[in-house]
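The structure under discussion appears below in the form of structure tokens.
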Amino acid sequence: MSCTRNYTIDVQGHRGARGLAPENTIYGFKKALDIGVNTLELDVVISKDHKVLVSHEHWMSKKKCDLENDSIDEKIGYNIYNMTYDQIKKIDCGSKINYDFLDQVKLPLNKPLLEDVFTEIGAYARMKNLNVPNYNIEIKSSVKGDDVFHPKPNFFSDLVYNVIDNSIGFEKVNIQSFDFRILNYFNKKYPDIILAVLIDNYLGPQNNLNKLGFIPDIYSPNFKLLDRSHIIFLKNKKIKILPWTVNTYDDIADILKLDVDGIISDYPDRVIKMIE
Numbered sequence: 001m002s003c004t005r006n007y008t009i010d011v012q013g014h015r016g017a018r019g020l021a022p023e024n025t026i027y028g029f030k031k032a033l034d035i036g037v038n039t040l041e042l043d044v045v046i047s048k049d050h051k052v053l054v055s056h057e058h059w060m061s062k063k064k065c066d067l068e069n070d071s072i073d074e075k076i077g078y079n080i081y082n083m084t085y086d087q088i089k090k091i092d093c094g095s096k097i098n099y100d101f102l103d104q105v106k107l108p109l110n111k112p113l114l115e116d117v118f119t120e121i122g123a124y125a126r127m128k129n130l131n132v133p134n135y136n137i138e139i140k141s142s143v144k145g146d147d148v149f150h151p152k153p154n155f156f157s158d159l160v161y162n163v164i165d166n167s168i169g170f171e172k173v174n175i176q177s178f179d180f181r182i183l184n185y186f187n188k189k190y191p192d193i194i195l196a197v198l199i200d201n202y203l204g205p206q207n208n209l210n211k212l213g214f215i216p217d218i219y220s221p222n223f224k225l226l227d228r229s230h231i232i233f234l235k236n237k238k239i240k241i242l243p244w245t246v247n248t249y250d251d252i253a254d255i256l257k258l259d260v261d262g263i264i265s266d267y268p269d270r271v272i273k274m275i276e
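UniProt numbering applies: residue 1 is where the sequence shown begins, and numbers increase by one.
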């Protein structure tokens with residue numbers, strides 16, 4: 001039997017538990033599991049050899065990674081889409097002090113492959129007698145990035161789909177993106193997969209859904225954009241509401257009053273403290 005934590009909402013650790021551990025690392029995902037999250041939120045990009053890599057940026061950020069030459073433009077000199085995984089895995093992205101998150105533990109850590117995350121986190125959960133988490137996977141894609149930082153949407157989507165399908169399947173996975181092209185491709189080719197639309201604009205749910213062209217399972221806005229009228233509109237359409245990235249105790253308390261379905265936070269421990 002595994003330990004079950006029944007929260008009133010879906011507690012999602014943003015990039016693992018970014019406030020407490022280096023983001024998008026296996027160590028950080030384990031930390032989030034220890035805290036008690038339901039879901040691991042993470043980002044994926046593509047390497048030169050078409051590996052699905054867990055990373056927020058499409059390049060090795062000099063702010064987060066210990067680069068051999070940090071005087072060059074990181075977006076050019078350390079573009080992940082121009083690097084093989086053998087090159088990428090040698091770079092430490094866990095030891096630098098992140099001045100935005102001073103509580104982060106500092107350890108030599110690299111950017112993992114998505115398939116390795118599934119394998120190691122599954123094994124860790126079983127070893128610790130914890131529930132295997134859900135995964136909220138963002139495909140980092142944009143029109144300007146096509147063929148520069150990543151493949152075009154269809155190929156990008158298929159690469160991600162194949163890794164998930166060949167490892168843990170989609171029972172505990174949803175796909176999220178700001179790129180409507182990604183979401184529309186998944187909706188048409190893989191209609192059974194749960195999809196979340198990421199929003200960071202002031203158009204409001206109705207206009208954004210009209211632009212998207214279909215009804216997603218989850219509407220995931222910047223928490224500062226949410227108001228009660230949006231909640232009513234989305235609930236009437238049976239769309240789940242998952243705001244990001246809610247970090248302070250005051251903001252968490254305010255968002256909880258809006259009857260959301262989940263919260264994405266860099267500090268999932270704070271969310272759990274507020275709802276337990």
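Idealized CB from N, CA, C, for every residue including glycine. Just so you know, these numbers come straight off a predicted model, no measurement behind them.
The alpha-carbon of residue 37 is positioned some 8 Å away from that of residue 133.
Between the region 141–160 and the region 119–133, the count of Cβ pairs shorter than 8 Å is below three; the stretches do not touch. Look at the beta carbons and you see the region 58–69 not touching the region 25–40: under three pairs across the two are nearer than 8 Å. With fewer than 16 other Cβ atoms inside 10 Å of its own Cβ, residue 6 counts as exposed. For residue 87, the enclosing alpha helix (DSSP H) starts and ends at 85–88.
In the DSSP assignment, the residues bridged to residue 135 are 40 and 173. The C-beta distance from residue 272 to residue 11 rounds to 6 Å, short enough to meet the 8 Å contact threshold. Taking a C-beta distance under 7 Å as the contact criterion, residue 65 and residue 91 qualify as a contact pair.
When 161, 217 and 191 are compared, the shortest CA-CA separation from residue 198 is found for 217. Going by DSSP, residue 220 is part of the beta strand (DSSP E) stretching over 218–221. For residue 266 against residue 19, the beta-carbon gap comes to about 4 Å, under 8 Å, which counts as contact. Contact between residue 179 and residue 141 holds, with the beta-carbon distance rounding to 4 Å and staying under 8 Å. Beta-bridge partners assigned by DSSP to residue 226: none are found.
The three-state reading of DSSP puts residue 206 in helix, counting H, G and I together. Beyond the five residues adjoining it in sequence on each side, residue 168 comes within less than 6 Å, by CB distance, of 118 in the same chain, given in chain order.
When DSSP assignments are scanned along the region 8–53, the uninterrupted stretches of beta strand (DSSP E) that are 3 or more residues long and fall wholly within it turn out to be 10–14 and 39–46.
For the region 96–175, the continuous beta strand (DSSP E) assignments of 3+ residues that do not extend past its boundaries occur at 134–139, in sequence order.
In the structure shown, residue 237 adopts coil according to DSSP, grouped into three states. By the Cβ neighbour-count rule, residue 71 is exposed, with fewer than 16 other Cβ atoms within 10 Å of its own. Distance from the Cα of residue 261 is smallest, within the candidate group 225, 270 and 220, for 220. Residue 76: member of the alpha helix (DSSP H) spanning 74–77, first to last residue. The three-state secondary structure of residue 197, taken from DSSP, is strand. Here the alpha carbon of residue 9 sits roughly 15 Å from the alpha carbon of residue 231. Nearest C-alpha to residue 49 among 177, 113 and 22: 113. If you ignore the 5 residues before and after residue 83, its C-beta comes within less than 7 Å of the C-beta of 47 and 48, all in its own chain and listed in chain order.
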